[in-house]
Amino acid sequence: MKNQFIKLFSIAIVSAITLTSCENGFEEMNTDPNALTTPSPKSMFTLAEVYMDGQDYSNTRANNIYAAQIVQQFSSIGGAGSVYSYDGGYSGSLFGESYGKGLSQIYQLLSVLPNTAENSNMIQACRIMKVFMFQKLTDTYGEVPYFEAGKGYNGNIFSPKYDTQQAIYNDLLKELDEAGDALDASKPFVGNADLFYQSDVAKWKKMANSLMLRVAMRLSKVDAAKSKLYVEKAFAKGVFTSNAESLVLKHDASPQGVKTNPITSTWVINDLQNGEGSVKFSKTFIDLLKNNNDPRLRIYAKLEATKDNNPANQQGLANDAKEIPGGDIKLFSDPNTSTVLRTDAPTLIMSYAEVQFFLAEAVVKGWNVTGTAQQHYEDGVKAAMEILTIFGDKVPAVTTAEYNAYIATPGIAFDAPNALKQIGTQKWIVLLFNGIEAFSEYRRTGFPVLVPVNAPAGVTNGTIPRRLVYDQSELFTNGANYKEAIQRQGLDLMTTRVWWDK
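Using UniProt numbering, the first residue of the sequence shown is number 1, and each one after it goes up by one.
This is the structure in structure tokens:
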């Protein structure tokens with residue numbers, strides 16, 4: 001499998017270099033790959049999967065520096081996310097990279113795939129991946145180019161209009177509904193070119209339905225009826241039922257930037273600095289786990305300078321800290337390089353545990369999914385602990401006895417009046433390294449309860465941000481459509497709420 005991955009990835013990289021320059025923006029979507037070379041659809045599909053959850057550019061900036069610090073999973077002294085200051089390069093990174101790499105790759109692939117039965121499963125999988133990327137984009141910024149995006153290939157539209165988030169969400173649900181149904185195990189797929197599920201159509205269907213559950217639940221405050229309809233539909237069709245079905249992308253330890261984990265490799269190679277790096281676990285995150293004897297702490301955290309992962313010695317850095325308490329940054333916890341911060345650590349893109357927490361919330365709301373809120377909540381916590389085995393065996397896995405003790409802890413044990421707070425807080429923990437999704441869920445649910453930071457460098461008057469600011473190159477390359485979008489949505493500020501954030 002490893003040799004097959006290397007072969008496929010090498011072909012994909014060559015295809016990508018030939019077909020597109022893979023820089024930021026829409027321009028890269030406007031080149032016809034058929035005019036340049038004979039495309040290799042399977043290797044293009046592989047590269048689309050690699051790009052789907054972002055590369056090191058956006059993951060370092062929008063994900064780790066902004067979103068994960070806004071929701072206080074991580075912290076750094078004066079960091080843009082910690083103090084809510086504005087940095088155009090960081091803020092716009094997801095916008096530029098998504099259109100310039102991930103979505104560009106999908107649109108290129110779809111442009112060269114004949115709409116035949118032989119290609120049907122690949123086409124449906126592309127539709128599902130496109131939904132994943134567009135939901136992340138619209139959740140982060142609000143209105144974005146959607147219906148006209150990618151039309152440069154065959155529509156000569158080089159300045160795509162921005163669409164309302166409501167219209168985008170309606171289409172995301174339609175796409176998942178249709179694409180999931182159209183997947184067919186009797187038709188060809190791509191074999192091992194599928195890095196997610198090795199062309200297991202049943203698992204792809206569950207991925208589509210689980211993503212539908214996530215998309216639908218995001219509407220719970222703004223359109224409860226539609227949210228309920230699609231949550232129930234996703235559940236009825238069949239969502240993840242075990243950790244074995246979670247969406248995971250595996251990586252290798254080298255070469256950097258080709259097969260390494262884009263979230264962790266830059267951190268380890270450039271920023272960790274033997275424990276002297278500026279980004280640390282937040283005090284909010286460490287204290288929550290430490291105060292509840294959470295057995296995941298030894299797996300998540302380590303003092304890199306001393307290689308100490310003893311939970312009792314872990315210490316988080318407050319997001320409002322103006323200087324290093326005690327003067328020694330090495331005394332504050334880093335992500336564990338033996339587990340979650342390995343350069344070959346797998347990316348946990350969407351987990352069975354998240355699905356269980358969504359279902360627990362649905363039961364609390366009285367929606368038609370089977371099981372009790374308590375059972376889904378407890379199964380979610382257990383799954384969140386058990387899936388950490390994907391990060392290797394250098395640190396002991398959470399035992400059944402540890403889980404049983406944890407789930408009985410006051411404040412952790414299911415408490416119906418506080419169920420939504422408990423569900424949201426546990427989801428925040430499992431979304432570690434998935435800061436963009438944690439940021440979206442925090443805005444939707446209000447959990448976990450966070451204390452805002454009011455710093456002189458901040459641009460939000462001490463309120464927790466509600467979105468990121470667009471890539472400012474749009475002012476010059478797509479100015480009229482950008483201005484029309486902010487007239488509808490509101491000023492291009494971190495405090496402007498997106499449509500579903502009521």
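Glycine included, C-beta positions come from ideal geometry on N, C-alpha and C.
- Taking a C-beta distance under 8 angstroms as the contact criterion, G54 and Q69 do not qualify as a contact pair.
- Annotated as distal: S40 and S278, with beta-carbon spacing of 8 angstroms or more.
- A direct Cα-to-Cα measurement between T399 and S351 gives close to 19 angstroms.
- Considered as a whole, the segment 336–424 harbours 347–350 as its complete beta strand (DSSP E) runs of no fewer than 3 residues, in chain order.
- In the DSSP assignment, K280 is bridged to S75.
- When beta bridges are read from the DSSP output, L491 appears opposite no residue.
- With contact defined as three or more Cβ pairs closer than 8 angstroms, the segment 443–463 and the segment 236–254 are not in contact.
- The residue from G275, L109, S104 and S58 with its alpha-carbon nearest to that of K307 is G275.
- Looking at the DSSP output, K302 bridges to D334.
- Apart from sequence neighbours up to five positions away, no residue of its chain approaches A405 with a beta-carbon distance below 6 angstroms.
- Secondary structure of V83 (DSSP, three-state): helix.
- Under the DSSP assignment, L137 falls in the alpha helix (DSSP H) whose first and last residues are S120 to Y141.
- Annotation for E437: L431 place their beta carbon closer than 7 angstroms to its own, counting only its chain and skipping 5 residues before and after.
- L247: member of the beta strand (DSSP E) spanning L247 to L249, first to last residue.
- One alpha carbon belongs to L103, the other to N309, and they sit about 39 angstroms apart.
- When only Cα atoms are considered, V258 and V50 end up about 10 angstroms apart.
- At least 8 angstroms separates the beta-carbon of F357 from that of Q314.
- A distance below 8 angstroms separates the beta carbons of L173 and Y230.
- In the assembly as shown, L219 is a buried residue. Its beta-carbon has 16 or more other beta-carbons within 10 Å.
- Only buried fits T445, as 16 or more other CB atoms lie within 10 angstroms of its CB.
- Under DSSP, D308 shares a beta bridge with L303.
- Assigned with DSSP and collapsed to three states, Y162 falls in strand.
- A contact between stretches requires three or more CB pairs, one per stretch, nearer than 8 angstroms, and the segment 380–387 fails this requirement with the segment 331–339.
- Look at V215 here: in three-state DSSP terms it is helix.
- DSSP places F235 inside the alpha helix (DSSP H), whose first and last residues are A224 to K237.
- The beta carbon of D271 sits closer than 6 angstroms to those of G277, all from its chain and outside the five residues before and after it, given in chain order.
- Under DSSP, P145 forms a beta bridge with Y162.
- If you draw a straight line from the Cα of E474 to the Cα of S159, it is about 10 angstroms long.
- According to the DSSP secondary-structure assignment, L317 is paired through a beta bridge with S282.
- Rounded to whole angstroms, M494 and D184 show a C-alpha spacing of 43 angstroms.
- In this structure, DSSP gives D56 a helical state, which the three-state scheme calls helix.
- Per DSSP, the continuous alpha helix (DSSP H) segment holding I436 begins and ends at G435 to T445.
- When the beta-carbon positions are compared, A360 and H376 come within less than 8 angstroms of each other.
- The residue from D177, S93, T284 and K42 with its alpha-carbon nearest to that of W428 is T284.
- A distance below 8 angstroms between beta-carbons, with the five flanking residues on each side excluded, links P396 to the following residues of its chain, in chain order: R298.
- Assignment of W267 by DSSP, reduced to helix, strand and coil, places it in the helix class.
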